[in-house]
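Worksheet: one structure, shown below.
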Amino acid sequence: DAKTTQPPSMDCAEGRAANLPCNHSTISGNEYVYWYRQIHSQGPQYIIHGLKNNETNEMASLIITEDRKSSTLILPHATLRDTAVYYCIDAGYNNNDMRFGAGTRLTVKP
Amino acid sequence: KAGVTQTPRYLIKTRGQQVTLSCSPISGHRSVSWYQQTPGQGLQFLFEYFSETQRNKGNFPGRFSGRQFSNSRSEMNVSTLELGDSALYLCASSWGQWGEKLFFGSGTQLSVL
Chain A
1 DAKTTQPPSM
11 DCAEGRAANL
21 PCNHSTISGN
31 EYVYWYRQIH
41 SQGPQYIIHG
51 LKNNETNEMA
61 SLIITEDRKS
71 STLILPHATL
81 RDTAVYYCID
91 AGYNNNDMRF
101 GAGTRLTVKP
Chain B
1001 KAGVTQTPRY
1011 LIKTRGQQVT
1021 LSCSPISGHR
1031 SVSWYQQTPG
1041 QGLQFLFEYF
1051 SETQRNKGNF
1061 PGRFSGRQFS
1071 NSRSEMNVST
1081 LELGDSALYL
1091 CASSWGQWGE
1101 KLFFGSGTQL
1111 SVL
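Those protein sequence lines, which keep their order, are chains A and B.
To convert, note that position 62 of the first sequence is 62 in my numbering; the numbers rise steadily by one, no gaps.
To convert, note that position 82 of the second sequence is 1082 in my numbering; the numbers rise steadily by one, no gaps.
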């Protein structure tokens, strides 16, 4: 079963920042926070992951609270192609055993 | 660099039959994981293979099995198919180390009639 909690859906205006929240109430010290997204009928695509510090890459930024119980994925300038289901997962040593929840369906609107 | 390749892309079977799905990981990756995705249950972990050994297993009946070959390619088999086995089956590969990302294939869409 999934260990994270996400809102089922969110909307965002094209060109604006999309901020997707996630609660990791049972995360343990050696577990990473991962974010993936899935566009209809395709396999999930890796976005970003982190352990304690905030992270940034070419796709997004990841903000992790100090107690690590919540994280926020930030897409700085959302485009229509960012419309997808976004999953946050915390996983430890067996990080290939990803427990996906229902995710957040992000709709970017023109 | 080629991505994760799954074959076939689509498959139609009837109840009671068995099916074998194939996954070729990214070159150099030693871990292959399998997932089942349905509209009702979402993405669920089936099992993971690392260096030809099953390293982790999800909560699926014994009708679901898999194996991994020495070249890291993996197959999963479902015997005695049921209507509820209709799903998108995804595989993902990685080097199998802690704290790394998974690369997913596009999946095999299985329909059981």
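Glycine included, each C-beta is placed from N, C-alpha and C at the ideal position.
A quick note: this is a predicted structure, and the numbers were derived from the prediction, not measured.
Around the C-beta of G1107(B), 16 or more other C-beta atoms lie within 10 Å, and the residue is accordingly described as buried. Per the Cβ contact rule, the region 1–14 of chain A is not in contact with the region 48–55 of chain A (fewer than 3 Cβ pairs under 8 Å).
Considering only beta carbons, no part of the region 68–86 of chain A lies closer than 7 Å to chain B. In terms of beta-carbon proximity, Q6(A) stays away from the interface with chain B, with every pair separated by 9 Å or more.
Around the C-beta of F1069(B), fewer than 16 other C-beta atoms lie within 10 Å, and the residue is accordingly described as exposed. The C-beta of A1002(B) comes no closer than 9 Å to any C-beta of chain A. The three-state secondary structure of D11(A), taken from DSSP, is strand. For the pair N1056(B) and L1102(B), the Cα-to-Cα distance works out to about 15 Å.
Taken in chain order, the complete beta strand (DSSP E) segments of 3 or more residues contained in the region 1–56 of chain A are 9–13, 18–23, 32–38, 45–50.
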